[in-house]
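Colleague: Take this structure, written in structure tokens, and hold onto it; I'll ask about it next.
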Amino acid sequence: MPLVLQDRAFNADGTLAYPATWAPEFFGDVAVVNGRAFPTLDVEPRSYRLRLLNGSNARFYRLDLGRGGRRLPLHQIGSDGGLLPQTATATTLLLAPGERADVIVDFSGSAGQTLELGNSAETPFAGGVSRSGGQPPLPGLMRFRVVKPLAAPDPLVLPTAPGTPPDLRAQDVRRARYLTLNEVLDPATGAPLRTLLGTLDPATGRSRPHALMDPATETPTRGDVEEWVLVNNTVDAHPIHLHLVQFMVLGRATVPCVPGTENAAVGYPGDVVTAGGAPQFGPLTPPPPNERGWKDTVVVYPGEMTRIRMRFDRAGTYVWHCHILEHEENDMMRPLVVAAR
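Those letters in the sequence shown? Residues 3 to 343, per the numbering used here, in order.
Shown next, in the form of structure tokens:
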């Protein structure tokens, strides 16, 4: 059962409401699932396989499913690019704009109950870090009423190893690219004016932002295996999406910065500390179990770098970008040119 999660705002006449001028992020006050506002779905007391998609402009969801403080386990068996190497079970699930999750939920012990698909993610999302200017979460998205009669016996059998793990080897990596996520800030108010992607000079730790129409700086050759180190120089988390390629998430690390070197024109918090001609990062923390399959969208948190590895198997001109709609439109998107051999 596919569930497309969105947040929307409406005018009094029922038409969609959206700011007339650019806003850093858009957050609606109405939850829309598969095109219906705050829907209710009647289900049987059995297991269901839910294919979740975050189709919101900017809203992250930290999902849970339950009633009166009791949460059902969410058994995730797949992510963006297919089945996970191991089932990842938790009572909450973070889903960024553009991310997908394949989840099994067992309603067999909830006959006669009404359960709510809830959300506890802050807005704007910064990975749990409190910040000023945030808005309250959209706490309830939809309801499941477990009221339909069971049509047939349905013993729940969870796969322990639904898929196979990504198999790109470190010795096959031809190049590492250091890339940055940046904001242009208003010097008077500190408010975001523009969002940009850029390149990091590994020798100096300095970031150089680029706009969408600037010449491509990411130009692999078809068949190349590369590692990208994505450094977040902003105060928000960003879901970074690469077109027409799947990658494996290697992990995340903190980004030490040189204090007092803030670049006012770009707004990043400081130069990355370098030593011996290389940027310095904290120890790499492996990805959580639900990020250990093939992905095409990954969350890059403030003050951290996220390291991914991929093989470019299709030649052509694509893009990579932040999946927050207001960011990619102004101007957090870059060309990705894959040359044929």
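Every residue, glycine too, gets a C-beta built ideally from N, C-alpha and C.
1. Can you say whether S122 is buried or exposed, counting buried as having 16 or more other CB atoms within 10 angstroms of its CB?
2. Here's the rule: buried if 16 or more other CB atoms are within 10 angstroms of the residue's CB, otherwise exposed. What is R254?
3. Give the straight-line distance between the Cα atoms of H329 and D169, rounded to the nearest whole angstrom.
4. From the DSSP secondary-structure annotation, give me the bridge partner or partners of I242.
5. Report yes if the C-beta distance between E118 and R64 is below 8 Å; otherwise report no.
6. Report back the beta-carbon spacing between A128 and D238 to the nearest angstrom; my notes put them in contact at under 8 Å.
7. Inspect the beta-carbon positions of P211 and N234 and report whether they are closer than 8 Å.
8. Where does D188 land, buried or exposed, given buried means 16+ other C-beta within 10 angstroms?
9. Quickly, what does DSSP pair W230 with across the bridge? List them, please.
10. In whole angstroms, what is the alpha-carbon distance linking D174 and V227?
11. D333 and L198 look like a contact to me (Cβ under 8 Å); what is the Cβ gap, rounded to whole Å?
12. Taking C-alpha atoms, which residue in V35, D66, T89 lies nearest to L160?
13. If I measure Cβ to Cβ from L152 and keep anything under 7 Å in the same chain, skipping five residues before and after, which residues do I get?
14. Buried or exposed: D9, going by 16 or more other Cβ atoms within 10 Å of its Cβ?
15. If we call anything under 8 Å between Cβ atoms a contact, is V345 one with L55?
16. In three-state DSSP terms, what is A266?
17. Going straight from the alpha carbon of F146 to that of A92, what length do you get?
Modeller: Looking at the coordinates:
1. exposed
2. buried
3. 32 Å
4. V300, C324
5. no
6. 6 Å
7. no
8. exposed
9. R179, I310
10. 6 Å
11. 6 Å
12. T89
13. E46, P47, R48
14. buried
15. This structure does not reach residue 345, given that the chain is present from 3 up to 343, and the question cannot be answered.
16. With a pLDDT of only 47 at A266, under 50, the local geometry of the prediction cannot be trusted, and the value read off the model is given with reservation. Three-state DSSP puts A266 in coil, outside helix and strand.
17. 19 Å
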